[in-house]
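J.: Have a look at this one.
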Amino acid sequence: MFQNRYLRTYYDTAQICKGKHLINKHANSHPESNLKRCSKCGQETYTACPICSEPIRGCKHTDFEKFTSGNMITGSINTRIFTHCQSEPYEIPLYCQCGSPYPWTEAMLNEFDEIIDMADELNDDEKIILKEKFPQLLIDSTGTTSAALRISKILKSAEFTTIQALKSAVASKIAGHALELLGWK
């Protein structure tokens, strides 16, 4: 007769540092865990996009009303509201809903550009193409495969140290099948 009742699903706000460390995926519901600076790298933390101020999506919550006790004679019931955090692993977003890269994504793109700029064995045209195509490797979408193939061909003329520096800096952030096309998996 008495059943639990679903009320709503919503997202909390996440707090992430510029170094891409998750500080708190419950920044609104558990602000006591928020930090001004990251305890791992000391960098600034964010709870919203610096471009559009949209909160960074955190943990998915579901509120439901749960029957706790009742009296069949009088018809009275007692309920409590419970909030459940979804157990799916939290994945740090790279881009805001406005399309802008988050600060940690921007930092990664800048690091890639710096490594490419130091690669004296590549000509200016190759460097431009690499910088233009690299952001497509971070997401799994149309254009990722062709970008990976193009980058792979250009990097064949790169020195071992350049390739190792790129792998070290960005390989863990690249979409899975793009890693295979680059020969980095």
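Just so we're aligned, residue 1 is where the sequence shown starts under our numbering, counting upward by one.
Yeah, the Cβ is synthetic: ideal placement off N, Cα and C, and Gly gets one too.
Looking at C-beta atoms only, is the number of pairs between the stretch 40–60 and the stretch 11–24 that lie closer than 8 Å three or more?
T.: Result yes; three or more Cβ-Cβ pairs closer than 8 Å.
J.: Determine, using beta carbons only, whether T105 and Y95 come nearer to each other than 8 Å.
T.: Yes, these two residues count as a Cβ contact at 8 Å.
J.: In whole angstroms, give me the CA-to-CA distance for P135 and C49.
T.: So the alpha carbons of these two residues sit roughly 18 Å apart.
J.: Mind checking G176: buried by the 16 CB within 10 Å criterion, or exposed?
T.: With fewer than 16 other Cβ atoms within 10 Å, it is exposed.
J.: Any chance you could list the beta strand (DSSP E) runs of at least 3 consecutive residues sitting entirely within the stretch 119–181, in chain order?
T.: List check, beta strand (DSSP E) in window: nothing returned.
J.: Could you tell me the alpha carbon to alpha carbon distance between I115 and K133, rounded to whole angstroms?
T.: Going by the C-alpha atoms only, they are around 15 Å apart.
J.: Taking E121 as the reference, which of T45, T161 and E111 has the closest Cα?
T.: Minimum Cα distance to E121 is reached at T161.
J.: Secondary structure at T47, three-state DSSP: helix, strand or coil?
T.: DSSP places T47 in coil when its eight states are reduced to three.
J.: I believe C38 touches I23 by the beta-carbon criterion, under 8 Å. Please report the beta-carbon distance rounded to the nearest angstrom.
T.: About 6 Å; that satisfies the 8 Å criterion.
J.: Among N28, K156, R5 and T45, whose alpha-carbon lies nearest the alpha-carbon of N123?
T.: The shortest C-alpha separation from N123 is found at K156.
J.: So what's Y11 in DSSP terms, helix, strand or just coil?
T.: In this structure, Y11 counts as strand in the three-state DSSP scheme.
J.: For my contact list, K18 and E44 are in at a C-beta cut-off of 8 Å; report their separation, rounded to the angstrom.
T.: Going by Cβ atoms, the distance from K18 to E44 rounds to 5 Å, so yes, they are a contact pair.
J.: Using DSSP with H/G/I as helix, E/B as strand and the rest coil, what is G183?
T.: Three-state result, G183: coil.
J.: Do L137 and A148 have their C-beta atoms within less than 8 Å of each other?
T.: Cβ distance < 8 Å, so L137 and A148 count as in contact.
J.: Looking only at its chain, what residues have a beta carbon closer than 7 Å to the beta carbon of H21, apart from the 5 residues adjacent to it on each side?
T.: Correct list, in chain order: C38, K40 and C41.
J.: According to DSSP, is N24 part of a helix, a strand, or is it coil?
T.: Looking at N24 - three-state DSSP - the assignment turns out to be strand.
J.: Can you tell me whether K185 is buried or exposed? The criterion is at least 16 other CB atoms within 10 Å of its CB, across all chains shown.
T.: Flag for K185 reads exposed.
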